[in-house]
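**Student:**
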Amino acid sequence: MINKLVSFKKNKILPYPIHKVYKIVADVENYPSFLPWCTNITIKERKKKYIVTEVKVGFQNINEKYLCKVFLFSQKRITLDYISGPFEYLEIDWKFKEVSKNKTEVIFFCNFKFSSIILRLFTSFFLEGAIKKMVDAFEKRLNSI
79 MINKLVSFKK NKILPYPIHK VYKIVADVEN YPSFLPWCTN ITIKERKKKY IVTEVKVGFQ
139 NINEKYLCKV FLFSQKRITL DYISGPFEYL EIDWKFKEVS KNKTEVIFFC NFKFSSIILR
199 LFTSFFLEGA IKKMVDAFEK RLNSI
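My numbering numbers the first residue of the sequence shown as 79 and each following residue consecutively.
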């Protein structure tokens with residue numbers, strides 16, 4: 079796990095219309111208010127089809143930031159292209175499929191590897207649980223609004 083690419087995939091059907099689910103994931107500026115370890119988001123550039131963001135994350139004594147381009151495909155998909163930061167590789171992909179008027183299938187996928195062996199060692203103990211907690215935070219956000 080320390081030298082490998084970490085992959086995580088989760089599929090879930092949520093009892094919400096597709097536009098509501100998509101809106102929560104696309105609203106990157108509000109991530110610090112509900113997403114664990116996300117301490118700040120700065121929008122560097124905003125276009126119709128994408129947003130360039132600087133994401134600051136923190137856990138215990140580790141604070142990092144990374145720059146990424148978030149592509150928005152209206153109510154279908156949101157992808158993240160990594161630009162710079164503590165990762166050797168980072169890919170995030172959200173897909174949304176309408177099951178019915180008030181049900182949406184969400185397919186979340188992420189693939190990453192930290193550049194630093196220290197970060198890889200530190201995170202290897204709790205990584206899967208942390209990713210699951212972050213994905214679950216989006217569902218909790220949907221339930222709260």
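Cβ atoms here follow ideal geometry from the backbone N, Cα and C, with glycine treated the same way.
None of these values were measured; they are calculated from a predicted model.
With I102 as the anchor, note down where its beta strand (DSSP E) starts and where it stops.
**Tutor:** Unbroken run through I102 is the alpha helix (DSSP H), I96 to A104; no beta strand (DSSP E).
**Student:** List in chain order: all unbroken alpha helix (DSSP H) runs of 4+ residues lying wholly within the stretch 131-212.
**Tutor:** Runs of the alpha helix (DSSP H) inside the stretch 131-212: 195-201.
**Student:** DSSP on L220, reduced to helix/strand/coil?
**Tutor:** Of the three classes helix, strand and coil, the one that applies to L220 here is helix, per DSSP.
**Student:** Going by DSSP, name the residue or residues bridged to L92.
**Tutor:** According to DSSP, L92 bridges with T182.
**Student:** Determine which residues share a DSSP beta bridge with Y128 and list them.
**Tutor:** According to DSSP, which records beta bridges pairwise, Y128 is partnered with F149.
**Student:** Find the nearest neighbour of F174 within the set E166, Y167, L168 and F187, judged by alpha-carbon distance.
**Tutor:** Per the Cα distances, F187.
**Student:** Drop a sphere of 10 angstroms on the beta-carbon of L83, count the other beta-carbons inside from all chains shown, and report buried for 16 or more, exposed for fewer.
**Tutor:** Exposed.
**Student:** Can you give the beta carbon distance from L168 to F190, rounded, assuming they're within the 8 Å contact cut?
**Tutor:** With 8 Å as the limit, L168 and F190 qualify as a contact, their Cβ atoms being about 4 Å apart.
**Student:** Which residue from K218, N180, S162 and S178 puts its Cα closest to that of F192?
**Tutor:** When only C-alpha atoms are compared, the closest one is S162.
**Student:** What does a CB cutoff of less than 8 Å around S194 pick up in its chain, not counting 5 residues either side in sequence?
**Tutor:** Contacts found: P164.
**Student:** Could you tell me the distance, in whole angstroms, from the CA atom of D105 to the CA atom of L158?
**Tutor:** Computed Cα separation, rounded: 13 Å.
**Student:** In angstroms, rounded to a whole number, what distance separates the CA positions of F86 and I209?
**Tutor:** Approximately 8 Å, taken between the alpha carbons.
**Student:** Assuming the contact rule is C-beta atoms closer than 8 Å, K122 and V133 should be a hit. Round their C-beta distance to whole Å, please.
**Tutor:** So it is not a contact: roughly 11 Å between Cβ atoms.
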